Structures are given as C-alpha cells and as structure tokens.
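Trainee: Residue numbers (this note's numbering): 2 to 178. By construction, the Cβ of each residue, glycine as well, lies at the ideal position given by its N, Cα and C atoms. Computed from a predicted model, the values in this text were never measured in an experiment.
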Ligand SMILES: [Fe+2]
C-alpha cells in the first residue's frame, strides 16, 4: 500500500467514523477516484468524501458482506455495485440478487444484510449515505435485538484483511492536479 495518490482504507469502524468526520473539514470540492486495492480475504471500507449531510465510501469484499441483519436508524443509504454480484436479504429472509451497474437504496431503519455472490472477483460497492455521523444518533447501527452491532465486531464475523499484491479496482482512475 505504498501508493498514497488515492485514499487508504479505514481499517476499523472507529476509523471509518473518524475519517468521515475528518473528510468534512473542507469547504472546497472533493475530487476522488474509485480506486482501491483488491483483496484475497476480508473487506475494506474507504472514505472518499463527506459533508455533515452526506458520506461517500468505496467498499471491497473478497467474500462475505454485511453479515448480520442490522439497520442504520438515522441514515438513508445507497449501494451501487461497481463490480461483482451480491445477494441482499430483508428482515423476513426475502432476497434480491444484484449485479454490477445495479443498486439498492436502504431507507433509514430498514433491516438488511448482504454477501458477495461473485466467486472469481471481489465485490466492489459505492456506498452513499445521508446524513453523515455528526447528525446521527451515537449508536446508529443496530441489530435485530435493538442493541448496537458494530461492523468490525466478532458478532459481524469480521475476517482479517489480506490484500492482493499490486492489484487494484479502478486502476486507470487518475485524479488530475
Ligand atoms: Fe449497513
């Protein structure tokens, strides 16, 4: 991960919060590339841009997904599939299969989970949510029991990250200066 010409992943849930809040510290336009290192194992989450009202993240999954049913009680958000495929589940085990160039909008409070179904390539998602953390309840991500469910917790079946050496999604994306 020597290349710092694009944002680096936020490794923990705490780092995602901090990086999203830090990204709001500008009144200038934020230019970003949809570029991230692909994975042999685990998942990454990279903050691309944010204001107090909006966050934009790039998520990579070698396998798995958001593994346990949960809802973001204060945040509407959209997933757009850029590569790979995924199966989304609702609270009554209803499912929908999505492929690249499709997306899904989760209204605040909607319980869901998903996992990658593409076996030969990573699932790559653009995630856009509103509002950003500053305008959400402290515990926005709740499990079905109403208790906080942290995304990088053991309960959410987090695996350690193994990067694919030198292999990137969006490799041709160059941000001009
Ligand atoms: Fe989620």
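Among the candidates 153, 9, 100, whose CA atom is the shortest distance from the CA of residue 35?
Mentor: Against the chain shown, residue 35 aligns to sequence position 34. The candidate whose alpha carbon is nearest that of residue 35 is 9.
Trainee: Taking the alpha helix (DSSP H) that residue 20 belongs to, which residues open and close that run?
Mentor: What you label residue 20 is simply residue 19 of the chain shown in a count that begins at 1. 14 to 23 is the extent of the alpha helix (DSSP H) around residue 20.
Trainee: If you compare alpha carbons, which of 70, 75, 81 is closest to residue 96?
Mentor: Position 95 of the chain shown, counting from 1, holds the residue named residue 96. Minimum Cα-Cα distance from residue 96 among the listed residues 70, 75, 81 corresponds to 70.
Trainee: Look up residue 67 in the DSSP assignment and give the residues it is bridged to.
Mentor: The count along the chain shown starts at 1 and reaches residue 67 at position 66. For residue 67, which the question treats as bridged, DSSP gives the partners 115.
Trainee: When you compare the CB positions of residue 45 and residue 162, do they come within less than 8 angstroms of one another, or not?
Mentor: Here the question's residue 45 lines up with position 44 in the chain shown. Here the question's residue 162 lines up with position 161 in the chain shown. Cβ atoms of residue 45 and residue 162: closer than 8 angstroms.
Trainee: Would you kindly work out how many angstroms separate the C-alpha atoms of residue 5 and residue 105, rounded to a whole number?
Mentor: Stepping through the chain shown from its first residue, residue 5 is reached at position 4. Stepping through the chain shown from its first residue, residue 105 is reached at position 104. For residue 5, the predicted model reports a pLDDT of 49, less than 50, meaning its position is unreliable; a value from the coordinates is still stated below. Between residue 5 and residue 105, the C-alpha separation is close to 31 angstroms.
Trainee: Suppose you measure from the CA of residue 51 to the CA of residue 127; what does that come to, to the nearest Å?
Mentor: Locating residue 51 in the chain shown gives position 50, counting from the first residue. Locating residue 127 in the chain shown gives position 126, counting from the first residue. The straight-line gap from Cα to Cα measures roughly 13 angstroms.
Trainee: Could you name the residues of the same chain whose beta carbon sits closer than 8 angstroms to that of residue 86, not counting the 5 residues immediately before and after it, in chain order?
Mentor: Reading the chain shown from its first residue, position 85 is the one you call residue 86. Contacts found: 98, 99, 100, 101, 117, 118, 119, 124.
Trainee: In angstroms with no decimal places, state the Cα-to-Cα distance between residue 82 and residue 58.
Mentor: In the chain shown, residue 82 corresponds to position 81, counting from 1. In the chain shown, residue 58 corresponds to position 57, counting from 1. Rounded to the nearest angstrom, the two C-alpha atoms are 12 angstroms apart.
Trainee: For residue 58, verify whether its CB is less than 7 angstroms away from any heavy atom of ligand 1.
Mentor: For the purposes of this step, residue 58 is taken as the residue at position 57 of the chain shown. The closest heavy atom of ligand 1 lies 7 angstroms or more from the beta carbon of residue 58.
Trainee: When you compare only the Cα positions, how much space is there between residue 72 and residue 21?
Mentor: Numbered from 1 along the chain shown, position 71 holds the residue referred to as residue 72. Numbered from 1 along the chain shown, position 20 holds the residue referred to as residue 21. Looking at the two C-alpha atoms, the distance is approximately 19 angstroms.
Trainee: Return yes when at least one heavy atom of ligand 1 lies under 7 angstroms from the C-beta of residue 142, else no.
Mentor: By 1-based counting over the chain shown, the position of residue 142 is 141. Under cutoff, so the answer is yes.
Trainee: Would the beta-carbon of residue 25 fall within 8 angstroms of that of residue 133?
Mentor: Residue 25 sits at position 24 when you count from the first residue of the chain shown. Residue 133 sits at position 132 when you count from the first residue of the chain shown. Yes; because the gap between Cβ atoms is below 8 angstroms, this pair is in contact.
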